[in-house]
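Enquirer: Quick note: the first sequence uses this note's numbering, first residue 154, plus one each step.
Using N, Cα and C, we set each Cβ at its ideal position, and we do this for glycine too.
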Amino acid sequence: MWGTSERARMALSILEESIEVEDWFKGVDGFEFLIATILSQSTNYKNVRMAMERLRAKLEISPSSIAKSDLRTIRDCIRPAGLFNQKSRRIKAIARRILEGYGGRVENLLLNDDPRSELLRLPGVGPKTADVFLAFYGGFDILPVDTHISRVAKRLGIAGRARGYEGVRARLEELIPPHKRRRFHIALIKFGRSICKARAPYCHECPIAELCPSAERFRKTARGDRR
DNA sequence: CTCCGGGAAA
DNA sequence: TTTCCTGGAG
154 MWGTSERARM ALSILEESIE VEDWFKGVDG FEFLIATILS QSTNYKNVRM AMERLRAKLE
214 ISPSSIAKSD LRTIRDCIRP AGLFNQKSRR IKAIARRILE GYGGRVENLL LNDDPRSELL
274 RLPGVGPKTA DVFLAFYGGF DILPVDTHIS RVAKRLGIAG RARGYEGVRA RLEELIPPHK
334 RRRFHIALIK FGRSICKARA PYCHECPIAE LCPSAERFRK TARGDRR
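1. Helix, strand or coil for Lys350, going by three-state DSSP, please let me know.
2. With a threshold of 7 Å on Cβ separation, who are the neighbours of Met297 within its own chain once the five nearest residues in sequence on each side are excluded?
3. If you reduce the DSSP assignment to three classes, tell me which class Ser166 lands in.
4. In angstroms with no decimal places, state the Cα-to-Cα distance between Arg228 and Leu275.
5. What residue range does the alpha helix (DSSP H) around Pro331 cover?
6. Exposed or buried, what is Ser347 when buried is set at 16 or more other beta-carbons lying within 10 Å of its beta-carbon?
7. What first and last residue would you give for the alpha helix (DSSP H) that runs through Arg250?
8. Report yes if the CB atom of Ile172 is closer than 9 Å to the CB atom of Ala340, and no otherwise.
9. Secondary structure at Pro366, three-state DSSP: helix, strand or coil?
10. Buried or exposed, going by whether 16 or more other CB atoms sit within 10 Å of the CB of Ala189?
11. For the alpha helix (DSSP H) containing Ser303, list its first residue and its last residue.
12. Would Arg209 pass as a contact of Pro233 if the rule is Cβ separation under 9 Å?
13. Can you tell me whether Asp299 is buried or exposed? The criterion is at least 16 other CB atoms within 10 Å of its CB, across all chains shown.
14. From Gly257, Ala362, Cys349, pick the residue whose C-alpha is nearest to that of Ile302; which is it?
15. Measuring alpha carbon to alpha carbon, tell me which residue in Leu263, Val305, Ser215, Lys307 is nearest Ala381.
16. Apply the 10 Å Cβ neighbour rule to Asp378 and answer buried if 16 or more other Cβ atoms are within range, or exposed otherwise.
17. Given a threshold of 16 other Cβ atoms within 10 Å of its Cβ, counted over all protein chains shown, does Ala248 qualify as buried or as exposed?
18. For the alpha helix (DSSP H) that Ser355 lies in, which residues bound it at each end?
19. Looking at Ser195 and Leu252, is the spacing between their C-beta atoms short of 9 Å?
20. Going by DSSP, what residue range makes up the alpha helix (DSSP H) through Asn200?
21. To the nearest angstrom, how far is it from the Cα of Leu328 to the Cα of Lys343?
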C-alpha cells in the first residue's frame, strides 16, 4: 500500500507526461490579460476569445480607453462571455482604479510588497483571478486553483481534509515544484475538461484511474451497485 | 447561500 | 428538458 502523497505524486507525474501544454500566455499585454482573466470566470475560453475580439474591434483595450467607454458598449462587446452586467461594471471600475491608483499601468500592481492583496482589492478579482494574473503575467511560482483543479484534487484524494481555496492550493503546491506550477495549472484544467469531467468522468480512458480513489466508486456505480 | 447569463452538453 | 461553465460579491 502506498501513502496518499506518493500516490498523488505518481498520478501528477503521469499527467505531466500525458498532457501537452503550449506557452500561449507569453508576451501578452498585462491589462488585456487581466481583463481576459475576469472574462474567463465561469465561462470557456472560446467565449472569452470571442468577447476579447469584439472588444478589440470596438475600442482600444487599455485602462484609459475602457475607463472612458460607455458601459453599454463594453457590456455589448463582452456579451459572449456571460455574466456581462457584472463583468462590464467590474472591468470599467478596474480600469478607473488602475488609472487613479497605478498611473494607468497594471505593471505597477506587481511592484508593491504584497501584489496579491492589491489585486484582491480590485472589484471582480478574487483568489483565483488574482493567482492566475500573478502566475502567468507576474511570473510568480504559484498554482491557481479553478473548479476543474479543485474537482480533480478532491477526486484524487490530494485535497485531503483541505477545505476552501487556500487549503487546496497549499496542498497542491506542496506536491508540485515551483517551476512546474504554471504548466500544471494548464495541464490539470485540460485533464479536468477532457477526462475528469464534472458530470460523467471518463474513468475508463483515464491514465491515472489505477491511482484514483474515486475511480473505483465510479466503476461500482456504473455496474449498478448502489452509491 | 444565491444571484448573475446565454450557449452547450447531457 | 436540466445542468454546467478557468468565480466573485452581496
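Expert: Put simply:
1. coil
2. Correcting the residue identity first, residue 297 is Pro in this sequence and not Met. Excluding sequence neighbours, Pro297 sits near Lys281, Asp284, Val285, Ala288, His338.
3. helix
4. 19 Å
5. No alpha helix (DSSP H) holds Pro331; DSSP gives it neither H nor E.
6. exposed
7. 237-254
8. yes
9. helix
10. buried
11. 300-309
12. no
13. buried
14. Cys349
15. Because residue 381 is not part of the residues shown, which for the chain are 154 to 380, the question remains open.
16. At Asp378 the pLDDT is 37, less than 50, meaning the model places this residue with poor confidence; the figure from the coordinates comes in the next sentence. Label assigned to Asp378: exposed.
17. buried
18. Looking at the sequence itself, residue 355 is Tyr, so the reference to Ser does not match. Counting along the chain, Tyr355 falls outside any alpha helix (DSSP H), and DSSP gives it neither H nor E.
19. no
20. 198-211
21. 19 Å
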